[in-house]
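Worksheet for the structure shown next.
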Amino acid sequence: MILKRLWLIVSIFVLSGNILGLEAAEVIAISEQEMKTETMAVDIIADEEFSESMHQYPGLIEKIQTERLASRNPYVLLPHKPNYFMPLTYQTQINQEEQEEFYGALQDGKVPEGEKLERIEFVFQLSVKHIVAENILGKFSSLEVAYTNKSFWQSYNDSISAVFRETNHEPEIILGFKPSWDRIDYMTLAFNHQSNGQGGNLSRSWNRIIVSGAKIWPDRIVNVRAWYRIPETSKADPADPSDNDNPDIDDYLGYGDVFYLRKLGEHSFAATIRNNLNLDENKGSIELDWTFPLPGNLKGFVQYFNGYGESLIDYNQYQERIGVGIKIADWL
Numbered sequence: 039m040i041l042k043r044l045w046l047i048v049s050i051f052v053l054s055g056n057i058l059g060l061e062a063a064e065v066i067a068i069s070e071q072e073m074k075t076e077t078m079a080v081d082i083i084a085d086e087e088f089s090e091s092m093h094q095y096p097g098l099i100e101k102i103q104t105e106r107l108a109s110r111n112p113y114v115l116l117p118h119k120p121n122y123f124m125p126l127t128y129q130t131q132i133n134q135e136e137q138e139e140f141y142g143a144l145q146d147g148k149v150p151e152g153e154k155l156e157r158i159e160f161v162f163q164l165s166v167k168h169i170v171a172e173n174i175l176g177k178f179s180s181l182e183v184a185y186t187n188k189s190f191w192q193s194y195n196d197s198i199s200a201v202f203r204e205t206n207h208e209p210e211i212i213l214g215f216k217p218s219w220d221r222i223d224y225m226t227l228a229f230n231h232q233s234n235g236q237g238g239n240l241s242r243s244w245n246r247i248i249v250s251g252a253k254i255w256p257d258r259i260v261n262v263r264a265w266y267r268i269p270e271t272s273k274a275d276p277a278d279p280s281d282n283d284n285p286d287i288d289d290y291l292g293y294g295d296v297f298y299l300r301k302l303g304e305h306s307f308a309a310t311i312r313n314n315l316n317l318d319e320n321k322g323s324i325e326l327d328w329t330f331p332l333p334g335n336l337k338g339f340v341q342y343f344n345g346y347g348e349s350l351i352d353y354n355q356y357q358e359r360i361g362v363g364i365k366i367a368d369w370l
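In short: position in the sequence shown from 1, add 38, done, that's this note's numbering.
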């Protein structure tokens, strides 16, 4: 059943021409027609404005130039974080506890027979942003609004109608600028809200002020984030929507993270590390990515996660997951 469902999902991507109601011959005929083009003069950021270390990443320069150009187009939404689809992931410890708590409010805590979550899931992330204003704090500064959706889909689990087990919504407002201090190449200040959009005992959310600083070297990029959680009540009452859904989330997700990216030719390797810095009850997470080229503009990647906080519903549950998928937009 899993292989059948996976084949169906892949077929949807491959046979996208049929979605438009076109026969194969018509698709080929259209593709053979040449599109007429014309040249238009546009202004982009000059190469000389970028530091020497940034010139080691021509893709990064092109990304910034393209984003600034596209920001003037009202019909364009830009990628924010990586956009990807992982149709096949496996986690070693699926979180059944939350589902049992949900049924506990309905039928004495007993999950109906056969209605169990499966360890194989389809995970995907969609992330977009819009540049509201530019050059408000000097060159390379911008004010942006962004939204990220990360979903965990039990797509192969027919026993519970292939439900979305968890979806995290993350809108944010970001002020980015290039500081005068040479040790940091770029900084951001953001207001970030993250929620899973659920109610009752399944509700998870928090608000943060996040500061980040990035440093670019010829062979690697490091970005460090630190956040302050905006205080809420210390109580956690599922029946009261004004109460704190997850008062101890800092104990598991800590107060920041470190992102490291190393690019080797067409391949890139990335790691994101979190830790609560509590030696007595130490908790954290690590996420590792290997991204490799595919034909066209797509990239393949393998991802491994170990620790706490892969999703909001699992923030206090230890998880280990490995998955393989396709990226349609990446950091670089």
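By construction, the Cβ of each residue, glycine as well, lies at the ideal position given by its N, Cα and C atoms. A quick note: this is a predicted structure, and the numbers were derived from the prediction, not measured.
Reference residue i; option with closest CA among the options
i, options, result
"Q341", "T310, L155 and F215", "T310"
"G361", "L302, N245, P125 and N314", "P125"
"Q163", "F190, S199 and I174", "F190"
"N391", "L175, N282 and Y266", "Examination of residue 391 is not possible in this model, given that the chain is present from 39 through 370 alone."
"K301", "P96, V262, F88 and E90", "P96"
"Y290", "G235, T127, G303 and N320", "N320"
"L315", "G334, G338, D288 and E304", "D288"
"R203", "E105, Q236, E90 and D257", "Q236"
"S91", "W255, E76 and S180", "W255"
Alpha-carbon spacing of residue i relative to residue j, whole angstroms
i, j, result
"S165", "E325", "18 angstroms"
"V201", "E156", "11 angstroms"
"S197", "Y293", "38 angstroms"
"S349", "M73", "44 angstroms"
"S306", "Q192", "29 angstroms"
"D295", "S323", "9 angstroms"
"G363", "E159", "12 angstroms"
"V249", "N111", "28 angstroms"
"A171", "W244", "27 angstroms"
"D85", "H93", "8 angstroms"
"K365", "L332", "10 angstroms"
"F178", "Y128", "40 angstroms"
"L60", "F123", "Caution applies to L60, whose pLDDT of 47 falls short of 50 and renders its modelled position unreliable; the value that the coordinates give is listed next. Looking at the two C-alpha atoms, the distance is approximately 25 angstroms."
Exposure label - residue i; buried when at least 16 CB within 10 Å
i, result
"D352", "buried"
"V161", "buried"
"D327", "buried"
"F330", "exposed"
"T186", "buried"
"D223", "buried"
Proximal residues to residue i (C-beta, below 8 angstroms), its chain only, five neighbours per side dropped
i, result
"L317", "none"
"Y356", "Q131, G345 and Y346"
"M225", "G214, F215, K216, P217, V249, S250, G251 and A252"
Neighbourhood of residue i by C-beta distance below 7 angstroms, restricted to the same chain and skipping five residues each side
i, result
"I211", "V183, A228 and F229"
"A367", "P117, P120 and N121"
"Q134", "K154 and L155"
"A264", "V249, Y293 and G294"
"L107", "V80 and I82"
8 angstroms contact criterion, which residue i and residue j should meet: CB distance rounded
i, j, result
"R242", "N284", "5 angstroms"
"S109", "I169", "4 angstroms"
"L370", "L98", "6 angstroms"
"D286", "N354", "7 angstroms"
Distance cut-off 7 angstroms: residue i Cβ against heavy atoms of the ligand GDP
i, result
"E208", "The ligand content of the structure shown is nil, which means the ligand GDP is not present either."
Close-in-space but distant-in-sequence residues of the same chain around residue i (CB under 6 angstroms, 5 per side omitted)
i, result
"V260", "K253 and Y298"
"H231", "P209 and N245"
"F343", "E325 and R359"
"A376", "Summary: the structure shown does not reach residue 376, with the chain confined to residues 39 through 370, and so no result is reported for it."
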